[in-house]
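In mature numbering (1 follows the signal peptide of the UniProt record, and there is no 0), the protein residues as written are -22 to -1, 1 to 600.
Printed below as a string of structure tokens:
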């Protein structure tokens, strides 16, 4: 094994150094390649329940992962690439962090580059998936991940003097409206004026193009983008590096915006309009399941939820006091946020009708369960510290927000019109402060003297690139994805000129197809979406060669909840509908405190107007 690892190391160094002259021509310097770990952070046990057998299996898994040969490097990219709307900063460069599992097949000249979304989520969440691709492709591809500029180890954008993004603050690493003025002053001190465009989608895309044209100049390259990462990949298509033979778009963000009111405008301020469509579709499927879900929510599940919200808000339910005594928002606001969070997770979503039914019933045990959910503290995952919500706001308010901005009242109306929702009206105020807009919706912030941090979209904005000659595009979308809905994926593929394209729709999948199309209950088995992409890669981008038979075997939407799942996700002992909160033994508590974090993860204790919820979703990977 050690000899094979050494041979692999020698092979990748020789291959990558072979194109050093090209990198020199582009004046791009590289710090690396260095041997590194595939896992940036310590792996955690997948189960909350401690037992010797499970721990032994987990330790074996850790050892196996630690043996995966991986290398890392940082490239010094131009602070502003040519042909972008950006003011260069003298002497400044932008780091680009890259991780690779080298191909184990000697002489391989094939590479897959995987890009995360957000905007502003680091590549850490893709690490387990790059390993799964490496195994599924039998080591025939070099598998890369990249932290796109401004996040993770690629010059994470931060207002550190203002500490607005620190986990210890009231709002965690979210950038709340009241924190924006000082954060903008901090960022202005760091960079001056007219430099926000250094963090544009186009500059991030040009980082990838330069990486490909230098380090991978004689490779066949395939680009995989997830969520917002699809926008970066779509922008790379405008430059059409000749090395790229195929593009894979998973959970697609369309890069063309039609007039407001058409329903074809995938701007961030319109998010809850899309969530409304998907949540109602989910509830329609629920009420058709007359054996389980239909019994819980009746013939009109959407109406049942709205009626529940009205009674809770009016203090007409025995459970109303639980909310008013515990959280800072109305019950209907909390539940829309909570149910949205569940809707986006493959296993958790089946609990939505159960929790609604328990609130309707509201016996003593139901009150205990809901109180536990309301007061649950979910510590942040270490990987969240590599994300940058400042970068997200920079990109969103420059390229992904309606102009002129809607008012706070407009955002509230969209939120309340949907049975599940996400958006915070405070984002209107943040937009106004970032951009200095004189829209009527910005009047409350018109007299605040803060430096602006925004950029003018460049010539690639709002234009769908044509498919380059000799290149194919594979798209993946889930019809129950509340974040990047299928209607926008269809629209994007319709706008994309060229015939060498295929959009694959998974009827019950959520956000992140390669990690949310399970074929079994075994978390180590590859998902159907990953198998489809692997087929595409093995066939060198030949769309007709893709085997789609696994789609018929994807686990269906099922509202039956095993007792073990209720215990794992929500500590419910005795089943989802009638279980009570499980009180573990002290040694179990000690084990969890030392070795585990909440399955649900994140800092998502919903307090809508006191802490901004974030639309950053990553594929669920077990």
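Using N, Cα and C, we set each Cβ at its ideal position, and we do this for glycine too.
State the beta-bridge partners of residue 78 as determined by DSSP. Counting from one through the chain shown, the residue named residue 78 turns up at place 100. Looking at the DSSP assignment, residue 78 forms a beta bridge with 49 and 122.
Cross-strand partners of residue 73 (DSSP beta bridge): Residue mapping note: residue 73 aligns to position 95 of the chain shown, counting from 1. For residue 73, which the question treats as bridged, DSSP gives the partners 54.
Mapping DSSP to helix, strand and coil, what is residue 9? In the chain shown, the residue the question calls residue 9 occupies position 31. Strand at residue 9.
Can you give me the start and stop residues for the alpha helix (DSSP H) that residue 182 sits inside? In the chain shown, the residue the question calls residue 182 occupies position 204. Run containing residue 182: 179 to 193, per the alpha helix (DSSP H) assignment.
Simplified DSSP assignment, three categories, for residue 197: On the chain shown, position 219 is the one that residue 197 refers to. It is coil, neither helix nor strand.
What number of angstroms, rounded off, separates the C-alpha of residue 165 from the C-alpha of residue 409? Counting from 1 along the chain shown, the entry for residue 165 is found at position 187. Counting from 1 along the chain shown, the entry for residue 409 is found at position 431. Their Cα atoms are separated by approximately 16 Å.
Since residue 228 is in the alpha helix (DSSP H), which residue starts that stretch and which ends it? Taking the first residue of the chain shown as 1, we reach residue 228 at position 250. Segment 222 to 228 is the beta strand (DSSP E) holding residue 228; no alpha helix (DSSP H) there.
Taking the alpha carbon of residue 391 as the reference point, which residue from 249, 340 and 309 has its own alpha carbon closest? For the purposes of this step, residue 391 is taken as the residue at position 413 of the chain shown. Selected option, being the one with the closest Cα: 249.
Presumed contact (8 Å Cβ cut-off) between residue 88 and residue 197, rounded CB distance: The count along the chain shown starts at 1 and reaches residue 88 at position 110. The count along the chain shown starts at 1 and reaches residue 197 at position 219. Confirmed, about 7 Å.
Given a threshold of 16 other Cβ atoms within 10 Å of its Cβ, counted over all protein chains shown, does residue 140 qualify as buried or as exposed? Taking the chain shown and counting its residues from 1, one reaches residue 140 at position 162. Buried: at least 16 other Cβ atoms inside 10 Å.
Could you tell me whether any non-hydrogen atom of the ligand ATP is closer than 7 Å to the CB of residue 47? With respect to small molecules bound, the structure shown includes none, and the ligand ATP cannot be examined in it.
Should residue 321 and residue 460 be called a contact, given that it needs their Cβ atoms to be closer than 8 Å? Stepping through the chain shown from its first residue, residue 321 is reached at position 343. Stepping through the chain shown from its first residue, residue 460 is reached at position 482. The answer is yes: Cβ separation under 8 Å.
Please tell me whether residue 486 and residue 540 are closer than 8 Å, where the distance is taken between their beta carbons. Taking the chain shown and counting its residues from 1, the one referred to as residue 486 is at position 508. Taking the chain shown and counting its residues from 1, the one referred to as residue 540 is at position 562. Cβ distance not < 8 Å, so residue 486 and residue 540 don't count as in contact.
How many angstroms separate the CA atom of residue 277 from the CA atom of residue 259? Counting from one through the chain shown, the residue named residue 277 turns up at place 299. Counting from one through the chain shown, the residue named residue 259 turns up at place 281. One C-alpha to the other measures close to 14 Å.
Beta-carbon separation (whole angstroms), residue 537 vs residue 271, contact threshold 8 Å: Here residue 537 is taken as the residue at index 559 of the chain shown, counted from 1. Here residue 271 is taken as the residue at index 293 of the chain shown, counted from 1. Right, their Cβ atoms sit about 4 Å apart.
Quick one: grab the DSSP three-state call for residue 288. As a position in the chain shown, residue 288 is number 310, starting the count at 1. Note: residue 288 maps to helix in three-state DSSP.
Does the Cβ of residue 637 have 16 or more other Cβ atoms within 10 Å, making it buried, or fewer, making it exposed? Nothing about residue 637 can be reported from this structure: the residues present for the chain run from -22 to 600 only.
Secondary structure of residue 537, DSSP reduced to three states: For the purposes of this step, residue 537 is identified with residue 559 of the chain shown, where counting begins at 1. Here residue 537 sits in coil by DSSP.
Using a Cβ cut-off of 8 Å (strictly closer), state whether residue 184 contacts chain B. The question asks about chain B, but that chain is absent: this structure has only one protein chain.
Apart from the five residues on each side of it in sequence, which residues of its chain come closer than 7 Å, Cβ to Cβ, to residue 325? The residue given as residue 325 occupies position 347 in the chain shown. Only 543 and 547 meet the Cβ criterion.
Could you check what DSSP says for residue 437 in three-state terms: helix, strand or coil? Taking the chain shown and counting its residues from 1, the one referred to as residue 437 is at position 459. Coil.
Starting from the Cα of residue 281, find the closest Cα among 264, 230, 529 and 79 and give me that residue. Locating residue 281 in the chain shown gives position 303, counting from the first residue. Checking every option, the nearest Cα to that of residue 281 belongs to 264.
With burial defined as no fewer than 16 other Cβ atoms inside 10 Å of the residue's Cβ, what is the status of residue 181: buried or exposed? One-based indexing of the chain shown puts residue 181 at position 203. That one is buried.
Which residues bound the beta strand (DSSP E) around residue 451? Position 473 of the chain shown, counted from the start, is the residue given in the question as residue 451. Start and end: 450 to 456.
With a threshold of 8 Å, are at least 3 pairs of Cβ atoms found where one atom belongs to the segment 449 to 468 and the other to the segment 516 to 524? yes
Should residue 170 be labelled buried (16 or more other beta-carbon atoms within 10 Å of its own) or exposed? As a working mapping, residue 170 is identified with position 192 in the chain shown. Exposed, since its Cβ has fewer than 16 Cβ neighbours within 10 Å.
Quick one: using the 10 Å Cβ neighbour count with 16 as the cut-off for buried, is residue 514 buried or exposed? As a position in the chain shown, residue 514 is number 536, starting the count at 1. Buried, because 16 or more other Cβ atoms sit within 10 Å of the Cβ of residue 514.
Please state the DSSP three-state secondary structure of residue 64. Taking the chain shown and counting its residues from 1, one reaches residue 64 at position 86. Three-state result, residue 64: coil.
Classification of residue 185 by the beta-carbon crowding that lies within 10 angstroms, buried from 16 upward: Stepping through the chain shown from its first residue, residue 185 is reached at position 207. Under this definition residue 185 is a buried residue.
Strand pairing of residue 551, partner residues [DSSP]: To locate residue 551, count along the chain shown from 1; it is residue 573. Per DSSP, 558.
Identify the continuous beta strand (DSSP E) that holds residue 482 and give its terminal residues. Looking up residue 482 in the chain shown gives position 504. It spans 479 to 484 - the beta strand (DSSP E) in which residue 482 sits, taken as one unbroken run.
Give the DSSP-derived three-state secondary structure of residue 203 in the structure shown. As a first step, residue 203 is located in the chain shown; it is residue number 225 there, counting from the start. Residue 203: strand per DSSP, three-state reduction.
Spatial neighbours of residue 287 in its chain, beta-carbon cut-off 6 Å, leaving aside the 5 residues before and after: Walking along the chain shown from the start, residue 287 turns up at place 309. Only 310 meet the Cβ criterion.
Within 10 Å of its beta-carbon, does residue 512 have 16 or more other beta-carbons around it, so buried, or fewer, so exposed? Position 534 of the chain shown, counting from 1, holds the residue named residue 512. Looking at its Cβ environment, which holds 16 or more other Cβ atoms inside 10 Å, residue 512 is buried.
Please classify residue 382 as buried or exposed, where buried requires at least 16 other C-beta atoms within 10 Å of its C-beta. Residue mapping note: residue 382 aligns to position 404 of the chain shown, counting from 1. Per the 10 Å Cβ criterion, exposed.
For residue 90, list the residues DSSP reports as bridge partners. Along the chain shown, one-based indexing puts residue 90 at 112. Residue 90 is bridged to 121 and 200.
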